[in-house]
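Take any residue in the sequence shown, note its place counting from 1, add 3, and you have its number in our numbering.
Scroll down for the structure; my scribbles are underneath it.
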Amino acid sequence: MATVYLVRHGQASFGKANYDQLSPTGWEQGRVLGRWLANRLTPGAVFGGNLERHRETVEAITTGFGSQLPDMQVTTGFNEFDHNEVVTRFRPEWEDREIMTRDLRAFPKPAKAFQEAFVQAVRRWASGQHDGDYSETWPGFKARVLQAFEEMVEYADGSDVLVATSGGPISVICQELLGLDDARALGLNEVIANTSVTRVLYSGPRRSLSVFNNYSHLEAEDPALVTYR
């Protein structure tokens with residue numbers, strides 16, 4: 004059986020003007036993963052979404068890998084959902100970033116406060132009770148991720164594949180493979196670490212989850228590199 008390595012992108016730049024780029028920690032996470040993969044994987048193809056953090060994660064992995072990987076094939080189906088839209092539909096006042104920053108600074112741990120709000124915002128989006136508020140519904144998001152996954156497997160044609168993506172798509176793929184309800188799928192999304200590896204085995208029509216959210220490569224090198232946002 005061949006293996007799909009689903010990699011969540013490295014830590015993005017939370018709180019910066021451009022969130023969609025890796026932080027210095029995110030670049031190091033990618034390089035560490037590349038070194039870990041070097042003796043474990045010879046991918047026949049590399050895929051990713053069209054987000055900057057996906058592309059930069061592949062660049063960082065390549066640096067650590069030590070040899071050239073196949074060019075990343077861009078597939079927008081592996082993009083994350085629009086987290087800005089999801090959050091601002093839950094907290095409309097946060098469309099003004101200065102107001103969001105002010106509100107979060109009122110908490111001892113602003114990042115934790117944002118995460119708690121983010122979880123509630125995602126649950127609102129996925130509830131199906133406010134679909135008219137969003138440009139992409141939760142069912143629509145799941146459908147395009149699964150379509151991208153199947154098209155990628157068909158293209159790979161029995162070879163191992165590396166995919167740089169985000170927590171949402173990884174959760175959806177695991178949900179499909181394990182037959183989970185939406186609540187459990189959203190719970191998975193909350194615990195996926197940056198540059199963690201989720202492995203899916205495939206052969207013909209068979210798909211099996213082999214490993215979920217492995218970040219032992221980070222723990223072995225420096226536990227401080229383990230991040231979730």
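Ideal placement from N, C-alpha and C gives every residue a C-beta, glycine not left out.
What you are looking at is a predicted structure, and each value in this text was computed from that prediction instead of being measured.
Is the distance from the Cβ of residue i to the Cβ of residue j below 7 Å?
i	j	result
GLY29	ILE64	no
LEU212	VAL203	yes
LEU191	SER174	yes
ARG127	PHE93	yes
ALA120	ASP185	no
PHE144	PHE68	no
GLN32	THR201	no
VAL156	TYR205	yes
LEU183	ARG210	no
To which residues of the same chain is residue i closer than 7 Å at the C-beta, ignoring the five residues directly before and after it?
i	result
THR79	GLY52, ASN53
GLU222	VAL229
GLU139	PHE84, ASP85
THR91	TRP97, GLU98
TYR158	ALA48
Return the chain-ordered list of same chain residues with a C-beta closer than 8 Å to the C-beta of residue i, the five sequence neighbours on each side being excluded.
i	result
ALA196	ARG11, ASN216, TYR218, LEU221, VAL229, THR230, TYR231
ILE162	It is Ser, not Ile, that sits at residue 162 in the sequence shown. Once the five neighbours on either side are set aside, the close Cβ partners of SER162 are ALA5, PRO46, GLY47, ALA48.
THR66	GLY33, ARG34, GLY37
Note the first and the last residue of the continuous alpha helix (DSSP H) segment covering residue i.
i	result
ARG126	113–129
MET4	Here MET4 belongs to no alpha helix (DSSP H), and DSSP marks it neither H nor E.
ARG100	100–108
TYR137	Neither: TYR137 is in no alpha helix (DSSP H) and is coded neither H nor E.
GLN178	170–181
SER219	219–224
GLU88	86–93
Which term fits residue i, buried or exposed, when burial requires 16 or more other beta carbons within 10 angstroms of its beta carbon?
i	result
ASN82	buried
HIS133	exposed
GLU98	exposed
VAL194	exposed
GLY170	buried
PHE110	exposed
Can you name, in chain order, every residue of its own chain whose Cβ lies under 6 Å from the Cβ of residue i, other than the five neighbours on each side?
i	result
LEU165	TYR8, PRO46, VAL49
MET75	VAL49, GLY51, VAL61
GLU59	LEU25
HIS57	HIS12, GLY51, ALA167
GLN178	ALA188
MET103	TRP97
Check whether chain C comes within 7 Å of residue i, counting only Cβ atoms and requiring the distance to be less than that.
i	result
ARG56	Included in the structure is just one protein chain, with no chain C present.
Can you give me the start and stop residues for the beta strand (DSSP E) that residue i sits inside?
i	result
PHE50	48–51
ARG187	Where ARG187 is concerned, there is no enclosing beta strand (DSSP E), although the alpha helix (DSSP H) it sits in stretches over 185–192.
GLN76	75–77
THR201	200–206
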